[in-house]
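Note sheet for the following structure.
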Amino acid sequence: MAYISVSKPYRWSPRVFPTIPRTLNPSSTFNLLRFFTTTDDSVPVSVSSVDQNPNPVPGPEENVEPRVIQRTPRGNFRNPEKIEDVICRMMASRAWTTRLQNSIRALVPEFDNSLVWNVLHSAKNSEHALQFFRWVERAGLVRHDRDTHLKMIEILGRASKLNHARCILFDMPEKGVEWDEELFVLMIESYGKAGIVQESVKIFQKMKELGVERTVESYDALFKVIMRRGRYMMAKRYFNAMLNEGIEPTRHTYNLMIWGFFLSLRLETAKRFYEDMKCRGISPDVVTYNTMINGYNRFKMMDEAEKLFTEMKGRNIAPTVISYTTMVKGYVSVGRVDDGLRLFDEMKSFGIKPNDVTYTTLLPGLCDAEKMPEARSILKEMVEKHIAPKDNSIFMKLLTCQCKSSNLDAATDVLKAMIRLSIPTEAGHYGVLIENFCKAEDYDQAIKLLDKLIEKEIILRPQSSLDMEPSAYNPMIQYLCKHGQTGKAEIFFRQLMKKGVLDSVAFNNLLCGHSKEGNPDSAFEILKIMDRRGVSRDADSYKLLIKSSLNKGEPADAKTALDSMVEAGHLPDSSLFRSVMESLFEDGRVQTASRVMKSMVEKGVKENMDLVAKILEALLMRGHVEEALGRIDLFMHNGCSLDFDSLLSVLCEKGKTIAALKLLDFALERDYTIDFSSYDKVLDALLAAGKTLNAYSILCKIMEKGGASDWSSCADLIKSLNQEGNTKQADILSRMIKGEEKSHLFHPLPLLLSDEDVLGFAPDLKLVGNLPFSVDSAQLTDLFEGAGNVEMVEVIYDKTAGRSRGFGFVTMSSVEEVEAAAQQFNGYELEGRALRMNAGPPPPRREDSSFRGDSSFRVNRGGGSFGSANCVHVGNLAWGVDDLALENLFSEQGKVMEARVVYDRESGRSRGFGFVTYSSAEEVNSAVEYLNGIDLKGRPL
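Numbering (the numbering used here) for the sequence shown: 1480 to 2420.
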């Protein structure tokens, strides 16, 4: 490929000696070459090697044959760098300072206008050119001539620095440089390109004031500027002024005027000027015909355009590629695509090569006319010639139309053509193909396209403007999730999410896919994202997630999904509730199953009562009596029926007398139906366990409620009361049986004894004395569990000092376990102190009693503990939660008397649970209701 240099030839200054001897010192030759090739700021030139005598006298050295140095050529010969290029490179890489100016002076001893023009032409930007232009003038290095002024104005006009260009233009006379028309024409055009028509007009008028001759060239420049902005009336006035000045318009003038009138949609005016042009004897040329044809196309007047096209060929004016393209564009605009194709073929038959505008004009018309085979053929031709269209949006139209015609192979060729033409593909292009391949059930091809889309991260390209539609990605995600490729679907959708896509259908498909593939952890991650971003969730997705968690043996996760399903407003069916409760129950998570049971009843589901009875029984057996009673109360309020007799019978058989006592008392207070035989079983169990005062108290309540008083073991109870010193109670019971006292006069003992009832404690209660002050209830529980089933432990604290008083109470399930504990731990050394096991009063239960929130424990069979009256047990605490954080959270539900996190004595770290004491039972219930399951530092309570 050949190149033509536009730089002016550099004229050497006369100061440089023109005569150079034929034979030079090698070193001097090297220095001279360095003058052209070095990249240093300054290159010293040796003048000693240049003969200063114009008529040299041959010396003896001329007879000596010069030594020839052989060099092995390496690569192509490198042309020496031009001086103007060196100066431009220096200006581009260094700041414009005095040091740079000195370097340029050292490089060029003397400047001339040719060198200045070349430097201005080669400058990287307009700022460098302007600095250099002003510097050489102010430094007195050169006086600018007309050409350098013209070049500088051209550069500034191209950079829209029009004020600088204007100043340079009007300062020219002061420098002794005369104006000419070309300079002003350049300024007019520069202002026109910047869209400042008024300044162009002012410059044009200034020419007359300054005495600069205005020819048709000046008028043409002005017409082009004002017509581009639609000022056709102004153009007509100046055209008349031109005629009045005696300036004859040229063909170019008429072409500009006709073009402008058509641009302003002034058809009749354009036609009139066209006729005037011919009247003046100016024959139209190909540009005129092209302008007229294009103007008729704007008005959909293809008949007139065809006449002009025929007339042009009749005058032996060869149509150009613009002529044919304009005609094709006109045919396409009026729906005559066949005529456009005919003209396209004619154009190629005459050897006129279509350009990118021709293809861009024809292809949309073929798509609109549904001539897709022809469109495919033309696209193939474009690829072979490597001609890219002007408008890349045509590819989306081609893709859509080829898919609409069910030719997916041709649609794939469109995508390949984009790649071969180096046109960036976008997610929208792939989306059209993927959508149609999915509709055609050709999922293999769709997956191949998806793999490319994911691999090249086309979705995430910042310059992408065509995004995938839901109709494209949803079928693909659904297919992948149904066929065991949910991981790939998630990678794909996460890229879409980064572009702001939050499609609920896609989310639920991913949720179902992970659940079906047995990946509940991944499904939960998707669920969390949906929850954070407020995406709606389907009931079917939840069902699959719950079943997946259950199949994997993770009932806790299934319960979490069930809770989320309820929160989302979906009602699980009874079978779903049952499967979760059964799984939790079999896993030993009775309390969690109880919470699911509570949710089920609150939602109005009254099935699965056989499982409900099992869960209630397990709660009572494990010592979670208060929770079980709360659940029973909820069931009864919601119209559910429970078999109290069966529960009481099981509790009595398994020795859970305290639980049976509380359940019976609960039923009596609410007047629930209880069989008389259940009364007898509870009373017999209490008497057998030695809990005579408890038996006396509940018997009094039974009789007060109208229950039977013919209990066969009444005499044994009276005898036991007398033996234990409770003669007053024995006497009252005897008179009650004989009918000497009315039930409303009786004052039975409370089920939980107060501090004054020190004479009537149960035999399964032991006082533990001489405790170390650092031992709390949790440590005492761990110790006594070695002797049997511990029901309750309480260390007594001083209410003012807040420290242990050195003793506590341990309640075991039976008298035998108490005796075993006494034998095992009486005298047992704990932290240097020997424990003393004595019979003593039960723990205090009044509000003014001196105990702390974590001093009292009811212990379940598994060894865990929960709070006493008005005390909430808080489990699953994060390791970073301390007393203050616990108090701050629970103070929202009432007045917190004390909040305490239980710590391990040896390691000093939290044991993961704690206790919060309220001032009333209502506050306790409120806290359990609203804070159960709440997230605290990443863990649900």
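By construction, the Cβ of each residue, glycine as well, lies at the ideal position given by its N, Cα and C atoms.
Report yes or no: do the segment 1643-1660 and the segment 1683-1701 share at least 3 C-beta pairs separated by less than 8 Å? yes
Could you have a look at Asp1755 and say whether DSSP puts it in helix, strand or coil? In the sequence shown, residue 1755 corresponds to position 276, counting from 1. Here Asp1755 sits in helix by DSSP.
Near Gln2070, which residues of its chain fall below 8 Å by C-beta distance, leaving aside the five closest residues on each side in sequence? For the purposes of this step, residue 2070 is taken as the residue at position 591 of the sequence shown. These residues qualify, in order along the chain: Leu2098, His2103, Glu2106.
Are three or more beta carbon pairs between the segment 1613-1623 and the segment 1633-1640 nearer than 8 Å? no
Near Asp2361, which residues of its chain fall below 7 Å by C-beta distance, leaving aside the five closest residues on each side in sequence? As a first step, residue 2361 is located in the sequence shown; it is residue number 882 there, counting from the start. Correct list, in chain order: Val2380.
What does a CB cutoff of less than 7 Å around Val1664 pick up in its chain, not counting 5 residues either side in sequence? As a working note, residue 1664 is residue 185 in the sequence shown. Cβ neighbours of Val1664 beyond the five flanking positions: Glu1696, Ser1697, Ala1700.
Mind checking whether Ala1890 and Val1862 have CB atoms under 9 Å apart? Taking the sequence shown and counting its residues from 1, the one referred to as residue 1890 is at position 411. Taking the sequence shown and counting its residues from 1, the one referred to as residue 1862 is at position 383. No, Cβ-Cβ distance for Ala1890 and Val1862 is not below 9 Å.
Determine the burial state of Ile1970: buried for a count of at least 16 other Cβ atoms within 10 Å of its Cβ, exposed for fewer. Start at 1 with the first residue of the sequence shown, and residue 1970 comes out as number 491. Exposed, since its Cβ has fewer than 16 Cβ neighbours within 10 Å.
Assuming Gln2208 and Ala2266 make a contact with CB atoms under 8 Å, what is their CB distance in whole Å? Working through the sequence shown from its first residue, we reach residue 2208 at position 729. Working through the sequence shown from its first residue, we reach residue 2266 at position 787. Not confirmed; about 30 Å, so no contact.
Could you compute how far the alpha carbon of Ser1828 sits from the alpha carbon of Met1721? As a working mapping, residue 1828 is identified with position 349 in the sequence shown. As a working mapping, residue 1721 is identified with position 242 in the sequence shown. Their Cα atoms are separated by approximately 44 Å.
Distance, Met1897 Cα to Leu1511 Cα: Residue numbering aside, residue 1511 sits at position 32 when the sequence shown is read from its first letter. Residue numbering aside, residue 1897 sits at position 418 when the sequence shown is read from its first letter. With a pLDDT of 35 at Leu1511, under the threshold of 50, the predicted position of this residue should be treated as unreliable, though the coordinate-derived value follows. Roughly 53 Å between the two C-alpha positions.
If distances are taken between C-alpha atoms only, which option among Glu2033, Phe1778, His1865, Ile1737 comes closest to Val1766? In the sequence shown, the residue the question calls residue 1766 occupies position 287. Residue Ile1737 is the option with its Cα nearest to Val1766.
Beta carbon of Lys1876 nearer than 9 Å to that of Pro1833: Locating residue 1876 in the sequence shown gives position 397, counting from the first residue. Locating residue 1833 in the sequence shown gives position 354, counting from the first residue. Against a cut-off of 9 Å, the Cβ pair of Pro1833 and Lys1876 comes out as no contact.
Hey, which unbroken runs of the alpha helix (DSSP H) at 4 residues or more fall wholly within the segment 2357-2413? 2362-2369, 2400-2410
If contact is defined by three or more beta carbon pairs under 8 Å, each pair taking one atom from either stretch, is the segment 1948-1957 in contact with the segment 1900-1915? yes
Return the bridge partner residues of Val1595 from the DSSP annotation. As a working mapping, residue 1595 is identified with position 116 in the sequence shown. In the DSSP output, where bridge partners are listed per residue, Val1595 has none listed.
Select from Leu1975, His1623, Asp2042 the residue whose C-alpha is nearest the C-alpha of Ser2078. Counting from 1 along the sequence shown, the entry for residue 2078 is found at position 599. Ser2078 has its Cα closest to that of Asp2042, out of Leu1975, His1623, Asp2042.
Within its chain, find whatever has a CB closer than 6 Å to the CB of Val1576; leave out the 5 residues flanking it on each side and keep chain order. Taking the sequence shown and counting its residues from 1, one reaches residue 1576 at position 97. It should be pointed out that residue 1576 corresponds to Thr in this sequence rather than to Val. Taken in chain order, the list of residues that qualify is empty.
Give me the residue from Thr1965, Met2060, Glu2065 with the minimum Cα distance to Ser2073. Position 594 of the sequence shown, counted from the first residue, corresponds to residue 2073. Looking at the Cα atoms, Met2060 is the closest of the given residues.
Identify which residue in Leu2365, Val2351, Cys2350 has its Cα closest to the Cα of Ala2357. Here residue 2357 refers to the residue found at position 878 when the sequence shown is read from its first residue. Among Leu2365, Val2351, Cys2350, the Cα nearest to that of Ala2357 is on Leu2365.
Could you give the DSSP three-state label for Arg1708: helix, strand or coil? Sequence index remark: in the sequence shown, residue 1708 carries index 229 (1-based). Coil, per DSSP.
Using a Cβ-Cβ cutoff of less than 8 Å, which residues in the same chain neighbour Leu2415 once the five nearest sequence positions on both sides are dropped? The residue given as residue 2415 occupies position 936 in the sequence shown. Cβ neighbours of Leu2415 beyond the five flanking positions: Leu2356, Ala2357, Val2360, Ala2364, Leu2368.
Where Arg2149 falls: helix, strand or coil (DSSP): Locating residue 2149 in the sequence shown gives position 670, where the first residue counts as 1. Coil, per DSSP.
Going along the chain, which residues of its own chain have a beta-carbon closer than 7 Å to the beta-carbon of Met2376, five neighbours each way excluded? Taking the sequence shown and counting its residues from 1, the one referred to as residue 2376 is at position 897. Excluding positions up to five away in sequence, the list reads Gly2332, Thr2396, Tyr2397, Ser2398.
Among Glu2132, Asp2154, Leu2127, Lys2133, the one whose alpha carbon lies nearest that of Lys2141: Position 662 of the sequence shown, counting from 1, holds the residue named residue 2141. Among Glu2132, Asp2154, Leu2127, Lys2133, the Cα nearest to that of Lys2141 belongs to Leu2127.
Going along the chain, which unbroken runs of the alpha helix (DSSP H) with 4 or more residues stay wholly within the segment 1675-1721? 1676-1689, 1695-1707
Measure the CB-CB distance between Arg2016 and Leu2055 and report whether it falls below 9 Å. Stepping through the sequence shown from its first residue, residue 2016 is reached at position 537. Stepping through the sequence shown from its first residue, residue 2055 is reached at position 576. No, the Cβ-Cβ distance between Arg2016 and Leu2055 is not below 9 Å.
How many whole angstroms separate the CB atoms of Ile1667 and Ile1682, which I take to be in contact at a CB cut-off of 8 Å? Counting from 1 along the sequence shown, the entry for residue 1667 is found at position 188. Counting from 1 along the sequence shown, the entry for residue 1682 is found at position 203. Confirmed, about 5 Å.
Measuring CB to CB, does Ala2139 end up less than 9 Å from Lys2160? Start at 1 with the first residue of the sequence shown, and residue 2139 comes out as number 660. Start at 1 with the first residue of the sequence shown, and residue 2160 comes out as number 681. Yes, the Cβ-Cβ distance between Ala2139 and Lys2160 is below 9 Å.
With a cut-off of 8 Å on the beta carbons, I'd call Ala2037 and Ser2020 a contact; round off their distance for me. Counted from its first residue, the sequence shown places residue 2037 at position 558. Counted from its first residue, the sequence shown places residue 2020 at position 541. Not confirmed; about 14 Å, so no contact.
Proximity to Ser2027 [Cα-Cα], best of Glu2004, Pro2419, Ser1994: Taking the first residue of the sequence shown as position 1, residue 2027 is located at position 548. The residue with the shortest Cα to Cα distance from Ser2027 is Ser1994.
Ala1797 versus Gln1881: straight-line alpha-carbon distance, rounded: Here residue 1797 refers to the residue found at position 318 when the sequence shown is read from its first residue. Here residue 1881 refers to the residue found at position 402 when the sequence shown is read from its first residue. Their backbone Cα atoms lie some 36 Å apart in a straight line.
Once you ignore the five residues that flank Ala2146 on each side, which residues in its own chain have a CB closer than 6 Å to its CB? The residue labelled residue 2146 in the question sits at position 667 within the sequence shown. Here the set comprises Phe2123, Ile2153.
Please check the pair Val2289 and Leu2314, which I expect to be a contact at CB under 8 Å, by giving their CB distance rounded to whole angstroms. Taking the sequence shown and counting its residues from 1, one reaches residue 2289 at position 810. Taking the sequence shown and counting its residues from 1, one reaches residue 2314 at position 835. At roughly 11 Å, the Cβ-Cβ gap does not stay under 8 Å, so Val2289 and Leu2314 are not in contact.
Considering Cα atoms alone, identify which of Phe2064, Gly2109, Ser1802 is closest to Asp2089. By 1-based counting over the sequence shown, the position of residue 2089 is 610. Of Phe2064, Gly2109, Ser1802, the residue nearest in Cα terms is Phe2064.
Leaving out five residues on either side along the sequence, give the residues of the same chain with a beta carbon under 6 Å from the beta carbon of Gly2013. For the purposes of this step, residue 2013 is identified with residue 534 of the sequence shown, where counting begins at 1. Hits under 6 Å: none found.
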